[in-house]
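Convert by adding 593 to the 1-based position in the sequence shown; the result is the number in the numbering used here.
Ideal placement from N, C-alpha and C gives every residue a C-beta, glycine not left out.
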Amino acid sequence: MKNKKDKVVYIDKEHLRKHNVIENVFIYEDLDLDERTRNIYKYFEKRFIESYRLSAEVFCIKEYSFYIKDSFQCNAFAIHRKGYNIIGITNMYPVLLSDKFDSKYFNNIIFNFLINNENIGLAYIDLCNDEKFDFGKFMLECSIEFTLGHEFRHIKQFNSSKIRKQSYHMQENVVESDFNIRKHAWEFDADRSGCYDVLKYVFSANRNLEERSNDKFKCLLYAGCASMIITKYLFYYGFIYKDVTNTTIKKKEFYTKKFSHPHPLTRCMNILDYYYSNISNDFPKLEMDYQEYFNNVFGILKLYFDSLLEDKNFMEQVFDDLSTHMDDVNKYNDELYDVAIQDEAIRDLLISSNTSFEGYSE
Numbered sequence: 594m595k596n597k598k599d600k601v602v603y604i605d606k607e608h609l610r611k612h613n614v615i616e617n618v619f620i621y622e623d624l625d626l627d628e629r630t631r632n633i634y635k636y637f638e639k640r641f642i643e644s645y646r647l648s649a650e651v652f653c654i655k656e657y658s659f660y661i662k663d664s665f666q667c668n669a670f671a672i673h674r675k676g677y678n679i680i681g682i683t684n685m686y687p688v689l690l691s692d693k694f695d696s697k698y699f700n701n702i703i704f705n706f707l708i709n710n711e712n713i714g715l716a717y718i719d720l721c722n723d724e725k726f727d728f729g730k731f732m733l734e735c736s737i738e739f740t741l742g743h744e745f746r747h748i749k750q751f752n753s754s755k756i757r758k759q760s761y762h763m764q765e766n767v768v769e770s771d772f773n774i775r776k777h778a779w780e781f782d783a784d785r786s787g788c789y790d791v792l793k794y795v796f797s798a799n800r801n802l803e804e805r806s807n808d809k810f811k812c813l814l815y816a817g818c819a820s821m822i823i824t825k826y827l828f829y830y831g832f833i834y835k836d837v838t839n840t841t842i843k844k845k846e847f848y849t850k851k852f853s854h855p856h857p858l859t860r861c862m863n864i865l866d867y868y869y870s871n872i873s874n875d876f877p878k879l880e881m882d883y884q885e886y887f888n889n890v891f892g893i894l895k896l897y898f899d900s901l902l903e904d905k906n907f908m909e910q911v912f913d914d915l916s917t918h919m920d921d922v923n924k925y926n927d928e929l930y931d932v933a934i935q936d937e938a939i940r941d942l943l944i945s946s947n948t949s950f951e952g953y954s955e
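#1: Helix, strand or coil for glycine 681 per DSSP?
#2: Specify the secondary structure class of tyrosine 603 as computed by DSSP and reduced to three states.
#3: Suppose contacts are defined by Cβ-Cβ distances below 8 Å. Is proline 687 in contact with glutamate 780 by that definition?
#4: Could you check where the alpha helix (DSSP H) with serine 946 kicks off and where it finishes?
#5: List the residues that DSSP assigns as beta-bridge partners of histidine 673.
#6: So if DSSP puts isoleucine 661 in a beta bridge, which residue, or which two residues, is it bridged to?
#7: Which class does valine 618 belong to by DSSP, given the choice of helix, strand or coil?
#8: If I follow the unbroken alpha helix (DSSP H) through glutamate 780, where does it start and stop?
#9: Pick out whichever of Met908, Ile718, Gln750 and Leu901 has its Cα sitting closest to the Cα of isoleucine 944.
#10: For serine 691 versus aspartate 727, is the C-beta distance shorter than 8 Å?
#11: Measure the C-alpha to C-alpha separation of lysine 606 and asparagine 906 and round it to an integer number of angstroms.
#12: Output the boundary residues of the alpha helix (DSSP H) element that contains leucine 929.
#13: What's the gap between the Cα of alanine 669 and the Cα of isoleucine 615?
#14: According to DSSP, is phenylalanine 694 helix, strand or coil?
#15: Under a three-way DSSP split, which group does serine 753 fall into?
#16: Rounding to the nearest angstrom, what Cα-Cα distance links asparagine 874 and phenylalanine 619 in this structure?
This is the structure in C-alpha cells:
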C-alpha cells in the first residue's frame, strides 16, 4: 500500500488526452445512439469509475483515471504512463459483453439440477423462479467484477515499490508476441485477485436474496466461477464478436511458454482451483465437495455454450483438452506460482497486504 501522504486524485480523460497520455477517446455522449446502447455505456462507465475510485482510495493509488477507447477490438486494459494509473475498456466491450450475457443464454441453467442432488436441484429452480433475481444480470456482474479486479491488480503491480517509475501496458486480449514468463506470472496473479473479488461479490449477492440457503449460495458460487471462465473463452476464441458465434470452431493448440498470456485452459484451472480454495477457507460450513463444484461449473459452461453456439462440439474440445493436458496445466500453474512469489512486484504486494505466501497457494 502506498504512503498515506500521497494524494488520491481522479484525473479526467480530457486532461490525459490533451497531454498525449491517451488517444482515440470514445465520447458516446456525442453520438446519436439508441436509448439502450446509451444506457449501457452510461452504466459501464459509472460502474468502472465508482469501483476504481473505491479501490484507489483504499490502496492510495494517486492520479488514477478511466476511459473508453475507440477501437474495433473488444478489450480491457491497464496502463501506467507518465505517472498516471489508467484502466480502460474499448467501445466494443460494454455492448458485446452485455449481448453475450443476455439472460436468454441462461434460460437453460435450470437444467443443471439434473446433475445434482435434490436440494441443490431445487435451489437452482428457486433461483430461476425468483422474479427479483436475473441469472444473466448476475453472470454479467460477475464478469465485470472479475475484469475490474484483474485490471486493478495490474495497476497495483505497476505501482509496486520496486517498479513504480516504469511504464507498463497490459491488456486482456492475447498477443502472439515474444514470450515473457514475468508477464505470464502477472496474469496468473491478476486472475487470482479478480476471482477473489468475484467471490466477495457473490457473497454480497447471496446476502441480498430475500430467502437464503446454503444450497442457493452454492449455486451462486458455481455460477460466479462459470462466469469468469466464460469470459476467458469469449475473448480467447473470439466468441465475443457477433459474426463468429455461428461459425465452425477451429481447435487452438495448447501451449505453455508462448504468447502474451497463458493458455485459457491454464488460466481457467488457476481460477477454478484458487476460487475453490478460498471458498473452503472462507466458508467452511458449506463443506463444498470439489467434484460437485467442478461438475456444476462445467455443467453451466456446457449449457451456456450450447445455447450460444450452433456448433455443439466446443465443450467436447474443452473436455478433451482437460483430459489431454491436465498434467501440463498443473505443472505450468505450479511454475507460475513459483515465479509469482519470487517476482518483486508481487512479493511487495503480498507483504504489504499481510498475505502469507502459504495462503496465496491453493
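Result, derived from the coordinates:
#1: strand
#2: strand
#3: no
#4: Neither: serine 946 is in no alpha helix (DSSP H) and is coded neither H nor E.
#5: Asn678 and Tyr761
#6: Ile682
#7: strand
#8: 774-800
#9: Gln750
#10: no
#11: 44 Å
#12: 907-935
#13: 14 Å
#14: coil
#15: coil
#16: 42 Å
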